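K.L.:
My questions will all concern the structure given below.
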Amino acid sequence: MTVETQPISPTQIQMIKDSVPILDHVHVQLAEKFYKRLFKRYPEFKVYFNTTNQKLLRQPRILIHTLIKVAENIDNLSGIQEEFERIASKHVGLQVRPDHYPKFGDVLIDTICDLFPREMVDDEFREAWQMAYDKMASILIGLESDEYSTKAWFGFKEFRVTKLQRECIESISFYITPVDGKQIPKPKRGQYLCMRWQLPGHENEISRVYSISEYPKGNEYRFTVRYIPGGQISGHIHSNLKIGDIVHVAPPCGSCYYEKSSKDLVMLAGGNGITALLSMIEAGLEDGRNVKLLYSNRSPDSRSFGPMLREYKRIYPDQLQIVEFISRARYIDPIDQYNNRSLTLEDLDFITPEHDVYLIGPRSYMKMVEDYLTERNVKVKLDYFGPQEI
Numbered sequence: 001m002t003v004e005t006q007p008i009s010p011t012q013i014q015m016i017k018d019s020v021p022i023l024d025h026v027h028v029q030l031a032e033k034f035y036k037r038l039f040k041r042y043p044e045f046k047v048y049f050n051t052t053n054q055k056l057l058r059q060p061r062i063l064i065h066t067l068i069k070v071a072e073n074i075d076n077l078s079g080i081q082e083e084f085e086r087i088a089s090k091h092v093g094l095q096v097r098p099d100h101y102p103k104f105g106d107v108l109i110d111t112i113c114d115l116f117p118r119e120m121v122d123d124e125f126r127e128a129w130q131m132a133y134d135k136m137a138s139i140l141i142g143l144e145s146d147e148y149s150t151k152a153w154f155g156f157k158e159f160r161v162t163k164l165q166r167e168c169i170e171s172i173s174f175y176i177t178p179v180d181g182k183q184i185p186k187p188k189r190g191q192y193l194c195m196r197w198q199l200p201g202h203e204n205e206i207s208r209v210y211s212i213s214e215y216p217k218g219n220e221y222r223f224t225v226r227y228i229p230g231g232q233i234s235g236h237i238h239s240n241l242k243i244g245d246i247v248h249v250a251p252p253c254g255s256c257y258y259e260k261s262s263k264d265l266v267m268l269a270g271g272n273g274i275t276a277l278l279s280m281i282e283a284g285l286e287d288g289r290n291v292k293l294l295y296s297n298r299s300p301d302s303r304s305f306g307p308m309l310r311e312y313k314r315i316y317p318d319q320l321q322i323v324e325f326i327s328r329a330r331y332i333d334p335i336d337q338y339n340n341r342s343l344t345l346e347d348l349d350f351i352t353p354e355h356d357v358y359l360i361g362p363r364s365y366m367k368m369v370e371d372y373l374t375e376r377n378v379k380v381k382l383d384y385f386g387p388q389e390i
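Under the UniProt record's numbering, the first residue of the sequence shown is numbered 1, with each subsequent residue one higher.
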């Protein structure tokens with residue numbers, strides 16, 4: 001499916017640009033009204049949105065941020081190509097389809113027209129926003145089509161749980177293999193999969209994204225999930241998941257993955273962010289690179305993969321340096337170097353643009369580190385699970 005687009009007139013371009021301050025002013029009402037209307041009109045869309053991200057306004061903030069970026073750059077959308085590529089990658093991970101765009105657009109434009117001043121809203125205003133939306137949709141559909149063409153399957157495929165393994169008090173790993181017995185595609189190290197879960201008592205499936213925590217050695221993917229109090233899916237995995245259960249899985253996706261280089265590696269892992277970095281650490285060591293891991297946890301109970309990291313340190317004593325930060329408890333069994341405190345910005349001062357830096361962890365941790373290193377002209381490779389922080 002493609003979206004036909006028409007040239008936007010100079011008058012319409014100005015209408016779109018003039019919308020920016022009003023979008024900024026009504027952004028809270030716009031987001032709330034839009035999502036309520038979307039889910040009422042198209043309840044099947046609920047599976048694509050994380051309820052926590054909705055409640056904390058992460059997804060609504062991204063919607064408004066994107067709208068404003070499109071409005072500001074409507075006469076030169078190539079100027080925000082990186083933004084579109086980031087959105088398209090997320091959409092492919094969630095398996096967003098081209099036929100979703102007209103439905104999403106109808107609700108969005110209806111909501112914009114409802115909230116803008118009446119004297120601004122006429123047929124030409126609606127047409128201008130429809131054309132702007134169609135241009136954005138056309139770009140995203142094209143990018144997503146290109147990425148979908150590289151995937152081993154489209155949609156969600158049945159996988160069977162083959163193994164459960166406790167990694168620490170707070171985290172458990174589970175392994176899955178295709179029900180049809182076909183060979184799994186090898187992911188890029190650092191990529192994730194989107195899964196859909198049907199829980200008892202829930203009308204709709206629930207989507208979650210999990211990093212592949214081990215580069216596949218056989219025909220299985222491994223994922224490691226930390227228990228989150230009150231978390232629907234993490235609670236199910238820790239309490240109810242069993243060998244033989246079926247989960248529905250999209251193909252590997254994600255734009256933050258290991259890239260070969262001669263640069264020294266710096267890996268910043270906050271809590272369960274280690275899951276996305278493990279296979280990249282392994283690849284870097286195998287490639288002969290120096291690797292420094294800064295690994296932050298609340299307590300020893302929340303530190304996953306201690307034995308594996310200890311083994312890496314034994315095999316690569318001169319290449320691998322591990323610096324742990326345990327913030328809430330005294331720790332007496334360090335793998336390498338250890339600090340009984342949280343990571344601070346001063347701990348990052350050794351990092352220069354000559355390092356290859358990867359960052360995965362809680363949102364506040366990632367935002368703090370990313371902002372600091374960006375100010376120092378250090379390029380950081382990262383991925384937010386769900387909407388990006390803005």
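Every residue, glycine too, gets a C-beta built ideally from N, C-alpha and C. Because the structure is a prediction, the values reported are computed rather than measured.
I'd like to confirm the pairing. Which residues does DSSP put opposite I253 in its beta bridges?
P.N.:
Note that residue 253 is Cys in the sequence shown, not Ile. Its beta-bridge partners are Y192.
K.L.:
With C-beta atoms as the reference, is L164 less than 8 Å away from I243?
P.N.:
Result yes, Cβ atoms of L164 and I243 sit closer than 8 Å.
K.L.:
If we ignore side chains and look at the alpha-carbon of each, how far apart do D383 and A269 end up?
P.N.:
Rounded to whole angstroms, D383 to A269 spans 12 Å at the Cα level.
K.L.:
What residues are listed by DSSP as bridge partners for S296?
P.N.:
Beta-bridge pairing links S296 to G270 and F325.
K.L.:
For S213 versus S255, is the C-beta distance shorter than 8 Å?
P.N.:
No.
K.L.:
Would S19 be called buried (16 or more neighbouring beta carbons within 10 Å of its own) or exposed?
P.N.:
It counts as buried.
K.L.:
Indicate whether Y35 and P60 have their beta-carbon atoms separated by less than 8 Å.
P.N.:
Going by C-beta atoms, Y35 is nearer than 8 Å to P60.
K.L.:
With respect to the alpha helix (DSSP H) encompassing Y101, which residues constitute its N-terminal and C-terminal limits?
P.N.:
H100 to L115 is the extent of the alpha helix (DSSP H) around Y101.
K.L.:
Taking the C-alpha atoms as reference points, what is the distance between R328 and Y48?
P.N.:
For R328 and Y48, the distance between alpha carbons rounds to 35 Å.
K.L.:
Between F156 and the rest of its own chain, which residues show a CB-CB distance below 7 Å, the 5 nearest in sequence each way excluded?
P.N.:
For F156, where only same-chain residues beyond five positions count, the Cβ hits under 7 Å are Q95, R196, H248, V249 and A250.
K.L.:
Assuming K313 contacts I332 under a Cβ cut-off of 8 Å, what Cβ separation, rounded to an integer in Å, is found between them?
P.N.:
In fact, because the Cβ distance is near 17 Å, the residues do not count as touching under 8 Å.
K.L.:
Under 8 Å by Cβ, that's how I've got A137 and G105 pegged, so tell me the actual separation to the nearest angstrom.
P.N.:
Between G105 and A137 the Cβ distance is about 6 Å, and since that is below 8 Å, they are a contact.
K.L.:
Taking only the alpha-carbon atoms, compute the straight-line gap between R298 and N340 and give it to the nearest angstrom.
P.N.:
Whole-angstrom Cα-Cα distance: 10 Å.
K.L.:
Determine the direct distance from the alpha carbon of K90 to that of K315, and round the result to whole angstroms.
P.N.:
It should be noted that the sequence gives Ile, not Lys, for residue 315. Taking the straight line from one Cα to the other gives about 36 Å.
K.L.:
Count the other C-beta atoms from every protein chain shown that fall within 10 angstroms of the C-beta of S296, then say buried if there are 16 or more, exposed otherwise.
P.N.:
Classification of S296: buried, given that the 10 Å Cβ count is 16 or more.
K.L.:
Between which two residues does the alpha helix (DSSP H) holding V92 run?
P.N.:
Unbroken alpha helix (DSSP H) run through V92: Q81 to L94.
K.L.:
Of all the options E170, E259, L143 and L199, which has the alpha carbon lying nearest to the alpha carbon of T224?
P.N.:
Nearest C-alpha to T224: E170.
K.L.:
From what residue to what residue does the alpha helix (DSSP H) around D356 run?
P.N.:
Looking at the DSSP string, D356 is not in any alpha helix (DSSP H); the run it does join, the beta strand (DSSP E), is D356 to I360.
K.L.:
What separation, rounded to the nearest whole angstrom, lies between the Cα atoms of A88 and L67?
P.N.:
Near 15 Å, if we compare the C-alpha coordinates of L67 and A88.
K.L.:
Candidates R222, R97 and S207: which alpha carbon is nearest L140's?
P.N.:
With distances taken between Cα atoms, L140 lies closest to R97.
K.L.:
On the premise that Y257 lies in contact with G190, defined as a C-beta separation below 8 Å, what is that separation, rounded to the nearest angstrom?
P.N.:
Contact flag correct, Cβ pair sits at about 4 Å.
K.L.:
Any heavy atom of the ligand ATP closer than 7 Å to the CB of M15?
P.N.:
Of the ligands one can find in the structure shown there are none, so the ligand ATP has no counterpart to examine.
K.L.:
Mind reading off the beta-carbon distance from I233 to R208? Whole number of angstroms is fine, and I expect it under 8 Å.
P.N.:
Right, their Cβ atoms sit about 5 Å apart.
K.L.:
Have a look at the DSSP bridge pairing and note the partners of L382.
P.N.:
L382 is bridged to L359.
K.L.:
Among residues of its own chain, excluding the 5 on either side of V179, which ones have a beta-carbon nearer than 6 Å to its beta-carbon?
P.N.:
The answer, listed in chain order, is E158 and R160.
K.L.:
Please say whether L294 and Y358 have beta carbons closer to each other than 8 Å?
P.N.:
No, these two residues do not count as a Cβ contact at 8 Å.
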